[in-house]
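My numbering numbers the first residue of the sequence shown as 115 and each following residue consecutively.
No residue lacks a Cβ here, since even glycine has one placed at the ideal position from N, Cα and C.
All values derive from a computational prediction rather than experimental measurement.
Everything below concerns the one structure shown next.
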Amino acid sequence: MIVARLERVSGETRSRREANICMAVGLSEDHQMLVSAVRDFARAELVERDREWDRTETSCCTMLDELYGLGLLSLRVPEEFGGIACPMLPYAHIIREVAACSPSVAVTLSVHNMVAEMVRQHARPEVRTQVLPMLTQPGNLAAFAISEPNAGSDPASAGTRADRVDGGWRVRGAKMWVTNGVSGRWFATLARTGDNGDHHDLSMLLLDAEQQGVTRTPIHGKMGIRGSETAEMALDGAFIPESHVLGGVGSGMRMALSALDGGRIGIAAQAAGIAQACIELMAQYAQQREQFQRPIADFQAIQWMLADSQAELSAALRLIDRAAWLKDEERCFTHASAMAKLYSTEAANRIAYRAVQVHGGYGFVNEFRVEQLYRDARVTTIYEGTSEIQRLVIGREVLDRGRAVEE
């Protein structure tokens with residue numbers, strides 16, 4: 115379905131090399147075609163738009179109708195609800211190809227599809243039947259509202275409170291750094307529903323933001339991903355029906371951590387896309403730029419930067435593929451997604467640094483795209499769990515494994 119729609123946008127065919135790469139990571143022929151079609155669309159339609167969004171701090175949500183029409187906001191929605199039902203492995207490749215052309219669109223898609231998966235997994239049957247088809251239609255962008263002004267890496271300290279009323283809950287509090295926060299309608303919102311003072315008080319609520327008591331304020335002046343909407347949200351008595359508690363009262367912390375496990379694969383793929391674009395731009399520039407009467411690509415110093423970058427990207431892709439495959443196999447992937455997110459995002463920042471270095475002074479001005487990619491890469495080590503949090507997750511798993519061996 116999505117392939118047919120995308121092929122109307124682009125008549126390019128995928129190369130034999132791309133097909134071989136797809137086969138090597140275990141993608142079916144249909145999924146190879148899907149990834150290739152998205153790649154062609156992104157390269158034809160997103161690069162220049164992304165540059166303009168960065169220059170003007172304009173939201174990429176201006177093209178939401180087009181993205182919905184292509185099915186990119188339905189990727190993780192089951193077919194019976196009008197979605198694509200794309201497995202995580204090809205989905206990660208799609209996010210990477212989009213991110214290579216627009217990191218802002220990539221994170222918009224990633225967050226929306228992550229919330230769609232939360233609804234699929236944890237909502238009541240009647241809510242799934244109502245909301246999932248809506249998430250495939252324009253006007254129903256999803257967002258993830260966990261961080262607060264004083265609760266970032268420690269979501270258990272959330273102060274947003276939901277009080278029980280007739281038929282549901284009234285929510286009061288403030289959320290911060292909400293991706294898709296301006297145009298979004300459906301917000302997976304972490305709130306405190308008990309008085310014990312621990313994480314068992316937290317519940318994940320599905321908020322319909324089209325009501326009184328919800329105020330969204332865009333956050334401007336960001337270093338990068340300026341085409342992605344980031345907002346703060348004030349909640350003053352917004353109503354959430356009892357049926358919109360995801361996973362049951364008191365399970366919010368578990369819902370949040372589970373969602374972030376999957377979301378980290380998306381951000382790792384976003385970072386890999388940024389790295390991929392940087393390598394392509396480095397290689398092109400190095401072959402065009404001449405110093406000392408020859409292309410700088412002839413110099414070992416440049417070749418080593420390209421070699422290090424390609425090796426790091428290849429390693430990142432293998433970590434992403436493994437985490438996505440484990441998720442598709444319904445096996446534990448928390449440790450794998452943390453490693454993929456940690457390595458891919460830090461590698462993307464190193465590769466973006468090298469891309470600017472290869473461009474020299476030209477890499478320092480916004481006329482050249484590597485300047486923007488350098489800024490875009492920076493946030494990937496922060497959102498969906500900082501690098502420091504990923505190291506805690508990985509380190510604890512290693513220690514647990516060591517204790518198990520001793521026993």
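If you follow the alpha helix (DSSP H) that residue i is in, where does it begin and where does it stop?
i	result
L141	Per DSSP, L141 belongs to no alpha helix (DSSP H) and is neither H nor E.
M202	M202 to A213
E240	P239 to L249
R483	R483 to R492
V225	P217 to H236
G183	L178 to L184
Give me the Cα-Cα distance between residue i and residue j, rounded to the nearest whole angstrom.
i	j	result
W300	Q417	47 Å
G282	A352	10 Å
R238	L433	33 Å
V152	E211	7 Å
K441	P201	9 Å
D322	L349	12 Å
T243	P355	15 Å
S150	L186	14 Å
R468	L456	19 Å
L203	Y497	21 Å
I260	A370	8 Å
L98	T172	Residue 98 is absent from the model: the chain starts at 115 and stops at 521.
Q407	F478	23 Å
For residue i versus residue j, is the C-beta distance shorter than 9 Å?
i	j	result
N463	T495	yes
I503	S267	yes
L487	I388	yes
L395	V484	yes
A454	A430	yes
T459	E511	no
G287	S317	no
N480	D168	yes
V279	G327	no
G197	L246	yes
Within the same chain, show all residues whose beta-carbon is closer than 8 Å to that of residue i, passing over the 5 residues directly before and after it, in chain order.
i	result
T344	W291, V292, T293, G295, P332, I333 and K336
I209	A220, L223, S224, G380, A383, Q384 and G387
What is the residue span of the beta strand (DSSP E) that residue i lies within?
i	result
T329	V328 to P332
S548	In this structure the chain extends from 115 to 521, so residue 548 is not present and cannot be described.
E262	That residue, E262, is in no beta strand (DSSP E); it is neither H nor E in DSSP.
G282	G282 to T293
T303	W300 to R306
V279	R275 to V279
Once the 5 residues before and after residue i are set aside, which same chain residues still bring their CB inside 6 Å of it?
i	result
R122	For R122, the predicted model reports a pLDDT of 45, less than 50, meaning its position is unreliable; a value from the coordinates is still stated below. Closer than 6 Å at the Cβ level, and outside the excluded window around R122, lies no residue.
E193	A199
Y182	P252
S451	D375, R378, I379 and A437
R274	Looking at the sequence itself, residue 274 is Thr, so the reference to Arg does not match. Hits under 6 Å: G287 and A305.
S423	I393, I465 and R468
Take residue i and list the residues in its own chain whose beta-carbon comes closer than 7 Å to its own, dropping the five residues that flank it on each side.
i	result
R403	P409 and I410
Taking 9 Å as the CB-CB cut-off, is residue i touching chain D?
i	result
E166	The structure shown has no chain D; it contains just one protein chain.
### Message
Just to confirm the assignment: which complete alpha helix (DSSP H) runs, minimum length 4, are found wholly within the segment 422-464?
### Response
Along the segment 422-464, the alpha helix (DSSP H) does not occur as any fully enclosed run of 4 or more residues.
#### Entry: 3 or more residues per run - each beta strand (DSSP E) lying fully within the segment 336-370
Listed in chain order, the complete beta strand (DSSP E) runs (minimum 3 residues) inside the segment 336-370 are 344-355.
### Runs of alpha helix (DSSP H) lying entirely within the segment 142-167, each at least 4 residues, in chain order
With a minimum length of 4 residues, the continuous alpha helix (DSSP H) runs that stay inside the segment 142-167 are 143-159.
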